[in-house]
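These notes are about the structure you will find just below.
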């Protein structure tokens with residue numbers, strides 16, 4: 848006995864999730880109706896605050912031990928309050944830098960931006976230095992294919 | 002004025018273009034920054050520090066060095082792609098927080114806080130400023146009042162005095178009177194320069210002087226509905242219609258229909274025509290737009306019918322005045338706005354974020370009725386090729402510009418504009434995203 852398997856091609860180039868179809872009922876309802884679920888969508892699921900999300904490209908290997916490599920793309924969310932231990936983007940000496948935020952010395956009047964590579968030393972920021980955490984890194988994306 | 006009537010707000014990006022540039026250059030906070038007009042002609046935006054130095058809007062770039070020798074001023078060419086994207090984020094945040102919003106220009110947005118009467122709106126405004134500042138990196142000023150004219154006045158105070166923490170609310174008659182006494186008549190929204198000069202000659206110097214006159218006197222003297230509405234609003238009434246919000250910084254084409262329109266196809270035809278008209282107006286004044294917005298509404302006087310009012314906008318990837326692009330964008334927006342089951346009375350297209358087009362403009366490019374249809378077809382083919390092979394692979398002869406070095410004519414728009422100090426586009430181009438070291 849043979850069964851025909853029909854292969855339905857997905858439509859992956861669309862960026863927008865499909866709108867729910869209006870409730871026009873004709874013929875028999877599909878048994879799948881009750882199980883309807885929107886397709887997974889990186890734009891929707893990984894970017895929680897689109898208005899606050901920016902991207903950056905990593906240059907160098909100062910975060911190599913955190914698996915953040917030269918050329919990776921970082922997804923930066925400015926809406927999130929930076930916490931101790933977060934990987935953040937900070938603006939220091941007229942440059943954006945990606946580092947661990949270390950707030951453990953806050954009571955002693957300074958904080959540190961710690962690299963994840965023993966060949967680099969931490970950047971110490973004193974309380975009166977002009978400094979801002981520009982955003983919190985939520986994801987990094989690395990290409991696994993030489994296209 | 003009573004506290005339980007809905008309030009209006011105006012949310013305004015402080016020194017918008019400068020603030021946009023500072024998002025990716027935090028080192029320039031607290032320093033004088035100016036943004037130049039297209040072609041680096043003259044100063045169009047200034048940071049507070051630049052204003053304090055005495056740099057005037059409109060100062061030609063080449064004079065800056067003469068006038069302010071040896072002073073450090075950060076100078077940027079205007080980058081509408083960046084400003085359009087970042088201000089779009091600001092609008093996205095606003096519209097998630099309010100029931101009704103109406104973008105007035107690239108850097109200003111009116112909101113109508115219907116249903117939010119029970120909120121502590123002053124605190125809400127301060128919070129909104131903080132949120133926009135944190136999310137996008139742009140500071141805004143917020144004015145809240147029972148009508149648009151007073152909201153504008155409130156935003157003056159929010160901008161001027163730090164004590165307001167970026168949000169000023171005029172919600173009592175006492176505050177209204179106090180505010181009007183401090184506002185020069187020239188700064189009143191809706192009073193043009195000519196009217197302001199006439200009023201000053203009559204000894205009317207502040208908004209308060211004007212508001213205290215009798216309405217009959219106002220009507221006898223000016224016979225102008227806009228002036229009358231301004232007077233009424235200064236006195237606390239709410240009467241400036243949304244249609245009046247189209248300003249010089251935007252171009253609006255809108256019509257009421259003969260009868261009602263129910264179907265999408267007819268509405269689309271109307272909107273396409275309004276969009277095309279906006280594109281023509283842009284070309285006629287040699288400008289390009291950054292944002293296309295569309296509004297549609299039902300007949301508010303037919304209370305027996307279901308009512309629908311909505312407004313939506315779309316940023317253009319590249320500022321343009323192409324009929325093709327603007328019509329396409331407007332119909333796309335309409336598709337999202339349109340709701341089945343209403344009888345529509347009016348629609349309109351507004352383009353904003355308007356900047357100058359180019360150094361040189363050719364007659365061919367101007368609107369010409371016979372050529373219009375032909376152009377449209379050519380546009381379609383050209384656009385398709387450009388989509389496949391990259392922008393400006395093919396441009397119309399008329400869209401070509403003389404090279405900056407003056408040799409020949411074969412240059413495309415992006416290269417022909419002089420923008421020696423143009424910043425990158427970290428939010429619209431992968432090649433320009435920020436570098437993290």
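Protein chains in written order, with our numbering: chain A, 848 to 994; chain B, 2 to 438.
Positions of the beta carbon are idealized from the N, C-alpha and C atoms, including for glycine.
In terms of residue numbering, what span does the alpha helix (DSSP H) encompassing residue i cover?
i	result
residue 469 of chain B	Residue 469 of chain B lies beyond the residue range present for chain B, which begins at 2 and ends at 438; the question has no answer from this structure.
residue 279 of chain B	265 to 285
residue 88 of chain B	81 to 96
residue 212 of chain B	208 to 212
Specify the secondary structure class of residue i as computed by DSSP and reduced to three states.
i	result
residue 60 of chain B	coil
residue 139 of chain B	coil
residue 189 of chain B	coil
residue 320 of chain B	strand
residue 993 of chain A	coil
residue 1 of chain B	Residue 1 of chain B cannot be examined here, being either before or after the span of chain B that is shown, 2 to 438.
residue 354 of chain B	coil
residue 222 of chain B	helix
residue 890 of chain A	helix
residue 236 of chain B	coil
residue 199 of chain B	helix
residue 170 of chain B	strand
residue 13 of chain B	strand
residue 178 of chain B	helix
Pull up the distance between the alpha-carbon of residue i and that of residue j, whole angstroms please.
i	j	result
residue 51 of chain B	residue 29 of chain B	12 Å
residue 283 of chain B	residue 974 of chain A	51 Å
residue 196 of chain B	residue 210 of chain B	14 Å
residue 301 of chain B	residue 90 of chain B	31 Å
residue 992 of chain A	residue 63 of chain B	49 Å
residue 323 of chain B	residue 333 of chain B	16 Å
residue 262 of chain B	residue 125 of chain B	39 Å
residue 341 of chain B	residue 269 of chain B	13 Å
residue 148 of chain B	residue 194 of chain B	22 Å
residue 954 of chain A	residue 976 of chain A	15 Å
residue 228 of chain B	residue 178 of chain B	19 Å
residue 313 of chain B	residue 895 of chain A	22 Å
residue 330 of chain B	residue 167 of chain B	34 Å
residue 128 of chain B	residue 945 of chain A	28 Å
residue 98 of chain B	residue 117 of chain B	10 Å
residue 426 of chain B	residue 224 of chain B	48 Å
residue 932 of chain A	residue 74 of chain B	38 Å
residue 192 of chain B	residue 339 of chain B	35 Å
residue 57 of chain B	residue 71 of chain B	18 Å
residue 24 of chain B	residue 318 of chain B	20 Å
residue 68 of chain B	residue 941 of chain A	28 Å
residue 1037 of chain A	residue 434 of chain B	Residue 1037 of chain A lies beyond the residue range present for chain A, which begins at 848 and ends at 994; the question has no answer from this structure.
residue 190 of chain B	residue 234 of chain B	10 Å
residue 132 of chain B	residue 95 of chain B	10 Å
residue 922 of chain A	residue 897 of chain A	11 Å
residue 336 of chain B	residue 306 of chain B	22 Å
Does the Cβ-Cβ distance between residue i and residue j come in under 9 Å?
i	j	result
residue 903 of chain A	residue 436 of chain B	yes
residue 934 of chain A	residue 948 of chain A	yes
residue 150 of chain B	residue 278 of chain B	no
residue 113 of chain B	residue 120 of chain B	no
residue 913 of chain A	residue 135 of chain B	no
residue 915 of chain A	residue 985 of chain A	no
residue 152 of chain B	residue 8 of chain B	yes
Taking the beta strand (DSSP E) that residue i belongs to, which residues open and close that run?
i	result
residue 309 of chain B	It is not in any beta strand (DSSP E) - residue 309 of chain B carries neither H nor E in the DSSP assignment.
residue 338 of chain B	First-last for residue 338 of chain B: 324 to 338, but that is the alpha helix (DSSP H), not the beta strand (DSSP E).
residue 1 of chain B	Residue 1 of chain B lies beyond the range of chain B shown here (2 to 438); nothing can be said about it.
residue 46 of chain B	44 to 47
residue 904 of chain A	900 to 905
residue 924 of chain A	920 to 924
residue 430 of chain B	Note, residue 430 of chain B: premise wrong, no beta strand (DSSP E); not H, not E.
residue 293 of chain B	288 to 299
residue 942 of chain A	942 to 949
residue 114 of chain B	No beta strand (DSSP E) contains residue 114 of chain B, which DSSP labels as neither H nor E.
residue 258 of chain B	251 to 262
Could you name the residues of the same chain whose beta carbon sits closer than 6 Å to that of residue i, not counting the 5 residues immediately before and after it, in chain order?
i	result
residue 397 of chain B	Low confidence applies to residue 397 of chain B: its pLDDT is 42, below 50, so where it sits in the model is not reliable, and the reading given next is rough at best. Nothing listed; no residue qualifies.
residue 298 of chain B	310, 347
residue 76 of chain B	35, 422
residue 169 of chain B	144, 155, 158, 159
residue 59 of chain B	43
residue 17 of chain B	108
With a threshold of 8 Å on Cβ separation, who are the neighbours of residue i within its own chain once the five nearest residues in sequence on each side are excluded?
i	result
residue 920 of chain A	902, 903, 904, 905, 987, 988, 989
residue 328 of chain B	273, 276, 277, 280
Leaving out five residues on either side along the sequence, give the residues of the same chain with a beta carbon under 7 Å from the beta carbon of residue i.
i	result
residue 316 of chain B	85, 86, 89, 291, 292
residue 956 of chain A	973, 974
residue 971 of chain A	957, 959
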